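Comments concern the structure below.
There are 2 protein chains.
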Amino acid sequence: MPLPLPVLPEGLDPAWLPPEAFRSLGSRRTLIRWSGRRGSAPLVETVHDEVADAVARFGGRVVRDPEPGDGIPYDLVLELTGASGDEGFVCGREDGTTTTVTASGQRGLLYGLFHVARLGEDAFRGEWAPEVLQPAVAVRMLDHWDNVAVHPVMGQVERGYAGGSLFWADGRARGELLGRVRAYGRLLAACGINAVAVNNVNVHEAEAHLLTDRIAEVAEISRALGRYGIRTHLSVTFAAPMVLGGLPSADPLDEAVQAWWAEATERVYKAIPGFGGYVVKADSEGQPGPFAYGRSHADGANMLAAALAPYNGTVHWRAFVYNHRQDWRDRATDRARAAYDHFVPLDGHFAPNVVLQVKHGPMDFQVREPVSPLIGAMPRTRLAVEVQATQEYTGQQRHVCWLGPMWSEVLRFRPEAGSSVGELAAHGGGLVAVSNVGDDPFWTGHPLAQANLYTFGRLAWQPGADPGRLLDEWIGLTFPDASQRLVDGLRAVLDGSWRTYEKYTAPLGVGWMVQPGHHYGPSVDGYEYSPWGTYHFADRDGIGVDRSVATGTGYAGQYAKPWAGVYESPDTCPDELLLFFHHVSYDHVLHSGKTVIQHIYDTHFEGVAEVERAREVWASLAGLMDPARHARVAERFEEQLRSAREWRDQINSYFLRKSGVGDAHGRPIY
Amino acid sequence: MPLPLPVLPEGLDPAWLPPEAFRSLGSRRTLIRWSGRRGSAPLVETVHDEVADAVARFGGRVVRDPEPGDGIPYDLVLELTGASGDEGFVCGREDGTTTTVTASGQRGLLYGLFHVARLGEDAFRGEWAPEVLQPAVAVRMLDHWDNVAVHPVMGQVERGYAGGSLFWADGRARGELLGRVRAYGRLLAACGINAVAVNNVNVHEAEAHLLTDRIAEVAEISRALGRYGIRTHLSVTFAAPMVLGGLPSADPLDEAVQAWWAEATERVYKAIPGFGGYVVKADSEGQPGPFAYGRSHADGANMLAAALAPYNGTVHWRAFVYNHRQDWRDRATDRARAAYDHFVPLDGHFAPNVVLQVKHGPMDFQVREPVSPLIGAMPRTRLAVEVQATQEYTGQQRHVCWLGPMWSEVLRFRPEAGSSVGELAAHGGGLVAVSNVGDDPFWTGHPLAQANLYTFGRLAWQPGADPGRLLDEWIGLTFPDASQRLVDGLRAVLDGSWRTYEKYTAPLGVGWMVQPGHHYGPSVDGYEYSPWGTYHFADRDGIGVDRSVATGTGYAGQYAKPWAGVYESPDTCPDELLLFFHHVSYDHVLHSGKTVIQHIYDTHFEGVAEVERAREVWASLAGLMDPARHARVAERFEEQLRSAREWRDQINSYFLRKSGVGDAHGRPIY
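Going down the list, the protein sequences come from chains A and B.
Residue numbers are given in our numbering: position 249 of the first sequence equals residue 256, and the series is strictly consecutive.
Residue numbers are given in our numbering: position 390 of the second sequence equals residue 397, and the series is strictly consecutive.
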C-alpha cells in the first residue's frame, strides 16, 4: 500500500519535522482507538497516516480499533473518546509500560501525537501520572500578508522575506502544488497553530474577489490545511459590497449592505464548512472602512459579525488605526496614542464574535516598544494580540533575530495588578503572528528564522512558557542527534540575537531610523520629516519623544497603574524605553550609570562585536549539519555583519556630528 | 489636393508651432526654388508642405520652380542652391519688397523657413542687408532616456516626467502613431535641434536588440524624424557582442569583437542610411565597458569609432564615470574628481569620430554646480557638453524651473583665458540635452517646461544668445497675439524660476539633499551615508565639502587659472558655490554679508515667498490663454508650493536642530 501521507515535496526543508522526529514513536507498537465512534473524524486518519509513515520507516507497528483481547502489548495508545471541539488531551504512563494519549476531540488527538513526538524517548520511559495538556489560548493564528497578484511595490508577500507566496502562484491558488501547503499545515499543527488567514490585510483588487467568485480557490487551500486541523480565515475589504456587489455604499447600517454580507457569507460557508471568519483592516493606511459613512469601528465590525454569527465565525478587526498623513511640524499629535484613543470608547460595543486584534506595541513592530496600553483597557472586548514573525523591522530574515524573548516579555507583562498580556489574550481572544513563511525551500528564507515560527506557535499554546525551553525543543527537533557542541553553538547564536539586534539599531526604544519604504538598513532621519508619525526629534542637545502627561503628548497617561507613573518620569522609566517616553539631553545619565550618548556608542560597538562572535560560532559549526543549511546561514551572516557595521557607523556618526560629544574610548566614528 | 503635411495628432498641444506662428508667412506669396537641382532633397518637400499648409490656412500662395518670367511679385523666395551639408542660410530683404532665404544645403532651407516664421511680420517689413545665419554648434542633440519595455523601477522613461515614451509603446516602436514623432521632429527643427538618440543610455535587455534584430523599428522612427532633418542615434550596450552576438568577450582589442561591430554597423547603415551613430555609457553605474578587459575608455570608444568611420558616424562616449560604490566613511575619495581623473590622461588618444560627452557639472545636474573641470582640459578631444532638460533635480516638471539662465551661465563660462564652454562645444563637438519630452499631451508634463526644450535648441544654435531674448521668442510663438499683460506675467513666472528653485532647495552649491532613488522632495541626509559619493558633512558646527588643494580633496586644483585659485579659498570662492568647495562654520560670513546659517534661513523663506507670488501671477492670467493650459499649470503650482514649503521647513529645521542658531527674524522653524 503506498503511503497516503504527504511526503514532503522535493527540495523542501523538513524544518522541525525531519523523519527522525518520529523515530521513537515509529519504532514502537501503537494502538489508535476511536471509542464511541460517531460522526466523522478526519484527523484520526491524519494521526493514523502519521504513525503509519513513522512505523514504516522505523520498524514499529500500528493497529486501529482492534477486536477486544487481541493481546498485543502496546507501547502507545492514542484514543479519541468523543467529538468535542476540545484541543486538549491527557497524556500519562501510569503502568510504566504503555504511554496513553486520550482526547475528547480529534484536534486534541493530533496535538497529543505531536506531543509524543516532541518527547522522543522520554515518552517511553518510566512511570508518570496522567497530565492534562491543553492550549491556554483558543485561537493561535498566522496572518499571511500574501497577495494573489504580485503587487508592483510590495511584491507578492507584503513584508515577506522568504520568496513568493506559499498559497498563491501565477495569479491563482497553487492547485496541484498544494502538497506544500499540506506540509505547511503539518508543521503548524506540530507547534500548535490552528488558524491561518491566507491573504494580505491590505486587500487589493484581485484579492477582493477571493470572497465571492474566487472562493473555490480558498476552499482548495482550506482543504489542504484542514488535513491538520487548521482553520482558514480570509482578509476582506470593507468596500466589498461596492467593489464586488455593485452597491452604491458599504455603510454598515444600510440594510442592503447587511444583506449582501449575509449572502456572501452564506456562500463562503457552503464552500468552506469549517471557515474561521474575516480579518479586516479598516480605515487604516488608506483601506476603506466605516468612517466614510460616519459610523464607528463597532458598527463596522458588528455588521460583519452578524453575517458570521450563524456559522460561529469570527471577525478579527484590527486596531492598527492612526493618522498616516500627520504633519511632522505638529508635536501635539502622537501616533502612539491612536489605537487607545480610537477604541477604548468603544469597549462593550462589540458583538461577542468580534475579536479586536491589537499590535503588541503602540507603533509598529519595532525592536523595542512598550506594550500597547490598549491591551487590558477594554475588559468587555475580546482581544487578540498581534506580533510579527516576519522580520520587517528586525533584519528581514537576513539577520539572525530570534524573537522568543521579546514575545515572552510582552506576554508576561502585566498591564495592571492582575492578568498578564498572555492571560488577557487567552481570555476569549487569541494570539496572532504575521507569518514569516514563503515559498523558499527553507520556508523562512533564513533557516534560523524557523525558530521564530516554532516559538510563536508554542508560546501561543502556553504564553507563560520559558522561551529558552522552547528554543531547546526546536533545536532538538530540527537537529536530531545534535552533538552538545552543536546545541551549544545554536544557543549561542540564537539566544541573545534579539538584544544584539536592538544594540546595533535604533537606541533606547526610540525606534524607526530605518530606510523609508522597504525598512531595511539605517536612515536616522528617514522618517523624521514624514507624515507617518515616527519621530525622534534629535537636535544638537538631546533626543527622544516627550510622551509624559506633565509636559508631553500625554501618552504615558493611557497606562493603568503602576505603569502610568513608571513611564511618566525619566527617573523611573526603564532605560530601554527612555527615548520612547522622554526627550533627554545626550548627557542624561541612565540607570546603568552611562550617559545616553555613551550608551549609544557602547551598544553599537557591542552589537557589532556580538555579530562578529556569532558569525565565528556559526563558522565553527560547519560539518555538524546539512551543508546547505550551514551555507545559507553563513552567507546571511556576511550580510548581517555588513549591515550591522553600517548601522553602527551611521548611528554613531549621526550622533557624534549632532552632539559633538566624542566616544569615551576613542573608537572610530566618522 | 489634400494637405500632405502632418496635421498635429488630435489632442496634442502645438507648443511653439501653433498655426498662427505661420500667419505672416501664410498670408504672403512665396516662391520655392531649387536651382541647380541634383540628387534628392526631401527637405525641400517638407518646406513646400509647410508653406502650402500655411497659405491654405491664411490665404497666401506658394509656387515652385516657375518658368522664367512668370511675372509674379513674390513676398518671399526660399531658394536651395546646392546639395551641401551646410545648415546655414542667408536671409535678407535688399529691395524692400522681397524677403529672400538662400541656402546651399536643404537643412539650411528648412531652418530659414522657421527663421522667417519666428520673425513674423518683421520678416516682411523694411529693407535689410543679407545676413548669414548658421549654427555655432554642429551637433545639437537630444538624448531620450526611453526604454522600450517599461522598467520595473525606472518606468518607461528613466527620469521622465511627461508620461510614457514618445517613440515606444506596448513594447515596440509606435508604428502608425509615428505622426506624433513627425510632429515632434517639426518642433525640434523649429528650434534648431538636429539629432536625437532614441533610447536610454542604460541599455536594458529588450533595448539591446534595437541594434540588430530590431533595427527596423529604429528605422521607422528615423524616417519620421528625418522628415525634419533630424538624425537618429542609438544608445548601445558595450556588451552587445556577447549579449547579441554570442561571443565570449566584448574586449575592444579582440578582432572577433571588432568584426562583430563592423558587421552590425554595416547592417545599421543599410537600414538607416543617415544614421548618426552610437551613444555609450560604459563602465558607469553598472553598465559594461572596456575596464572588464583591462582596456581604456579610448580603446573602447575607438573600436566603435572604427566601425562607424566608413559611414561618417560618430560615437558619443559619456564621461559620466565614477565609483558609485564609495565608502562614505572615506573622505579622501571625491566623486567630483572622477571624470577628470579618468579622462584627461586619455587626451589625444580618441579617434576623430569620437565625441566625449561631458556633463556640464562634475556631479549630476544639481541646481547649482561649478562647470566641470574636464571641459577645456582635453584640447585634443572632441567635446560635447551635456545638460539635462528633464528636471530630475529641478522639480521634475511639477515645479516651474526655466533653466535657460543656468545653461547660459555654463556656456558663457570661460574655463581659462580663451574660449567659453559654448565655444569649446562648438569646436567639433556638440551640445546635448537629456530630453524632457514624453507622450504627455503637452509634451513636457508641465506646459511651461516646453520653454526649456525650446531654449536648449536655440542656445545650441547660438550658445552666446541672451536667454531672455529666447524666452521672449518662445512666448511670442507659443502665445500668439499675447497681450502685454500675458507676456509680462509669463516673464514674471519664468524669468527667475531657476534661482527661486535654488533658494528653497539645497543651499550654496552643496547639492543633493533629495529623497534617494526618485530624487523628488527633500531629505537632507538622504545621500549622506550612502555609496553614491554625494555628501555635505554637516555637523553641529558647520557644513560643506573641502575640495581645496591645501586641506581637501584637491578637486579645486583640477581647474585652470584663474579658477583653481578662485575656488581654492573661501575668501574668493563665489557664495553660490561655497559649500561645494569648502567646509565652513555656520557663522561664516558670506560675501553677501550674511552668515551661512542666516543665508540658509533667508533664502528658504524667500524662495517660498517667490513661489507664492508666481502662483498668484499665474492665477491672474486665467482667461488670457487656453483654459486647459492654464489649469494644468495652476494645478502644478499647488504641488510646487506644497513641495517648496516642505523643502523650506525641512531644510530650516534640520539646520536649526543641528546648529542651535535661531533665525534672526524669529520666523517659524520646527
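Each residue gets a CB set at the ideal place from its N, CA and C atoms; glycine is no exception.
Small disclaimer: the values here were computed from a predicted structure and weren't measured.
Residue from B:Gly559, B:Thr558, B:Glu575 whose Cα sits closest to the Cα of Tyr566 (chain B) = Measuring from the Cα of Tyr566 (chain B), the nearest candidate turns out to be B:Glu575.
What do you get for Ile604 (chain B), buried or exposed, if any count of 16 or more other CB atoms within 10 angstroms of its CB means buried?
-> Residue environment: Ile604 (chain B) is assigned as buried (16 or more neighbouring CB atoms within 10 Å of its CB, all protein chains considered).
Helix, strand or coil: how does DSSP classify Ser47 (chain A) here?
-> Assigned with DSSP and collapsed to three states, Ser47 (chain A) falls in coil, not helix or strand.
How about Asp532 (chain B) and His589 (chain B): are their beta carbons less than 7 Å apart?
-> Their beta carbons are not under 7 Å apart, which means Asp532 (chain B) does not touch His589 (chain B) by this criterion.
Please go through the same chain and pick out, in chain order, the residues whose beta-carbon is closer than 7 Å to the beta-carbon of Ser31 (chain A), but skip the five residues on each side of it.
-> Hits under 7 Å: Gly127, Glu128, Ala130, Phe131.
Which residue comes first and which comes last in the alpha helix (DSSP H) that contains Ala2 (chain B)?
-> Here chain B has residues from 8 to 677 only, and residue 2 (chain B) is not among them.
Between B:Glu653, B:Thr88, B:Val84, B:Ser442, which lies nearest to Pro538 (chain A) when the distance is taken from Cα to Cα?
-> Taking only the C-alpha atoms, the option nearest Pro538 (chain A) is B:Glu653.
Alpha carbon of Asp177 (chain B) to alpha carbon of Arg187 (chain B), nearest angstrom = Each residue's Cα considered, the two are about 16 Å apart.
For Gly549 (chain B), which residues in chain D fall below 8 Å Cβ to Cβ?
-> Protein chains A and B are contained in the structure displayed, whereas chain D is not.
Below 8 Å CB to CB, which residues in the same chain sit around Leu676 (chain B) once its five sequence neighbours on both sides are set aside?
-> According to the sequence displayed, residue 676 (chain B) carries Ile and not Leu. Tyr608, Asp656, Asn659, Ser660, Leu663, Gly669, Asp670.
Taking Val361 (chain A) as the reference, give the member of A:Asp93, A:Leu631, A:Asn309 with the closest Cα.
-> It is A:Asn309.
DSSP three-state call for Glu17 (chain B): helix, strand or coil?
-> DSSP places Glu17 (chain B) in coil when its eight states are reduced to three.
Inside the region 614-659 of chain A only - beta strand (DSSP E) runs reaching at least 3 residues = Counting only runs of 3 or more, we get nothing.
Stretch-stretch touch, CB-based, cutoff 8 Å, three pairs: the region 87-105 of chain B with the region 135-145 of chain B | Three or more beta-carbon pairs drawn from the region 87-105 of chain B and the region 135-145 of chain B are found closer than 8 Å, and the two stretches are therefore classed as touching.
Using a Cβ-Cβ cut-off of 6 Å (strictly less than) and excluding sequence neighbours within five positions of Val97 (chain A), which residues of its own chain qualify?
-> So the qualifying residues of the chain are Thr109, Pro137, Val139.
Using DSSP with H/G/I as helix, E/B as strand and the rest coil, what is Val208 (chain B)?
-> Coil at Val208 (chain B), not helix or strand.
Decide if the region 509-518 of chain A is in contact with the region 329-348 of chain A; the criterion is three or more beta carbon pairs, one per stretch, under 8 Å apart.
-> No: fewer than three Cβ pairs fall under 8 Å.
Answer yes or no: does any C-beta atom of chain B fall closer than 7 Å to that of Gln657 (chain A)?
-> Chain B contact via Cβ: present.
Around the Cβ of Thr558 (chain B), are there at least 16 other Cβ atoms within 10 angstroms (buried) or fewer (exposed)?
-> By the neighbour-count rule (16 or more Cβ atoms within 10 Å), Thr558 (chain B) is not buried but exposed.
Counterpart residues of Asp306 (chain B) in DSSP-defined beta bridges | In the DSSP output, where bridge partners are listed per residue, Asp306 (chain B) has none listed.
Cutoff 7 Å: Leu10 (chain B) Cβ touching any chain A Cβ | Note on Leu10 (chain B): pLDDT 42, under 50, position unreliable in the model; no value is reported.
6 Å CB neighbourhood of Cys198 (chain A) in its chain, flanking five on each side removed = Counting only Cβ-Cβ distances below 6 Å, and skipping sequence neighbours, we find Tyr461, Gly464, Arg465.
Hey, is the region 616-632 of chain B in contact with the region 579-595 of chain B, meaning 3+ C-beta pairs nearer than 8 Å?
-> Not touching, per the Cβ criterion.
Could you list the residues in the region 592-620 of chain B with a C-beta less than 9 Å from some C-beta on chain A, going in chain order?
-> Taking 9 Å as the Cβ-Cβ cut-off, the region 592-620 of chain B has no residue approaching chain A.
Would you call the CB atoms of Leu153 (chain B) and Pro448 (chain B) closer than 7 Å?
-> Reading off the sequence, residue 153 (chain B) comes out as Asp, not Leu. Taking 7 Å as the Cβ cut-off, Asp153 (chain B) and Pro448 (chain B) do not qualify as a contacting pair.
Is it a yes or a no for the region 40-53 of chain B touching the region 77-93 of chain B, going by three-plus beta-carbon pairs under 8 Å?
-> Touching, per the Cβ criterion.
Along chain B, which residues have their Cβ under 8 Å away from the Cβ of Tyr118 (chain A)?
-> Result: empty, since nearest Cβ-Cβ is about 45 Å, beyond 8 Å.
So, His240 (chain B) versus Gly283 (chain B), is the Cβ gap smaller than 7 Å?
-> Between His240 (chain B) and Gly283 (chain B), the CB-CB gap stays under 7 Å.
Completely contained alpha helix (DSSP H) runs for the region 561-596 of chain A, where each covers 4 or more residues = List check, alpha helix (DSSP H) in window: 570-575, 585-588.
Do the CB positions of Ala305 (chain A) and Leu353 (chain A) come within less than 7 Å of each other?
-> Yes.
Could you tell me whether any Cβ in chain A is nearer than 7 Å to the Cβ of Asp546 (chain B)?
-> Chain A, which has a Cβ nearer than 7 Å to the Cβ of Asp546 (chain B), makes this yes.
From Gly503 (chain A) to Trp409 (chain A), what distance separates their C-alpha atoms?
-> Approximately 8 Å, taken between the alpha carbons.
Which partner residues of His323 (chain B) appear in the DSSP bridge assignment?
-> The partner list for His323 (chain B) (beta bridge, DSSP) reads B:Val286, B:Val362.
Near Gln373 (chain A), what residues of its chain come up, given a Cβ to Cβ distance below 6 Å and the 5 sequence neighbours on each side ignored?
-> Around Gln373 (chain A): Tyr400, Gly518.
Determine the chain A residues that contact Val521 (chain B) at a beta-carbon separation under 8 Å, and present them in chain order.
-> Going along chain A, no residue has its Cβ under 8 Å from Val521 (chain B), so there is no contact; the nearest lies around 13 Å.
May I ask you to report which of helix, strand or coil DSSP gives Gly667 (chain A)?
-> In the three-state scheme derived from DSSP, where H, G and I count as helix and E and B as strand, Gly667 (chain A) is classed as coil.
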